[in-house]
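Just below is one structure, and these are the notes that go with it.
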Amino acid sequence: MTKLWRCEICGDPYIGDASPANCPFCGAKGKHIKEFKDAKVTFDVNLNEKDKKNAEEALMTEVKAASLYFCAANKTDDDEGKILFKALGKIETEHASVFKKILKLSTIPTADEPCF
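Just add 96 to the spot in the sequence shown (first one is 1) and you have our numbering.
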């Protein structure tokens with residue numbers, strides 16, 4: 097029977113007959129994926145100033161990496177390269193969205209770097 101599952105690490109939902117071995121979104125181990133009704137998802141992480149600064153730096157690292165990959169996807173003439181760079185950009189954007197939740201931001205910031 098198809099069920100709705102949810103990762104307790106990133107909050108991402110998953111639809112399937114069984115819990116996946118790892119979260120398709122963040123990669124967390126299956127033990128962190130529960131039936132939706134039983135999942136306890138909270139991003140109420142108490143960060144001290146140092147940890148908050150590190151999380152903000154990590155967020156911007158992910159944002160810049162995503163920007164770089166999407167730029168590369170637009171610049172390459174190779175079809176396989178386009179798909180590869182778009183996939184990598186999507187992964188980095190997913191990582192950034194987790195930091196957005198932890199930092200309680202309404203949106204993911206954008207990178208200031210111009211496309212090469």
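Ideal Cβ placement from N, Cα and C applies to all residues, glycine included. Source: prediction; values computed, not measured.
Sequence-distant Cβ neighbours of S163 in its own chain, meaning closer than 7 Å and more than five residues away, are A207, E209. Comparing C-alpha distances from G107 to each of I179, T189, L199, A135 shows the shortest one belongs to A135. If only complete runs of 3 or more residues are kept, the stretch 114-165 shows the beta strand (DSSP E) at 129-131, in order along the chain. Listed in chain order, the non-local C-beta contacts of D113 below 8 Å within the same chain comprise M97, T98, K99, local neighbours out to five positions each way being set aside. In this structure, A117 keeps its C-beta atom at 9 Å or more from the C-beta atom of E104.
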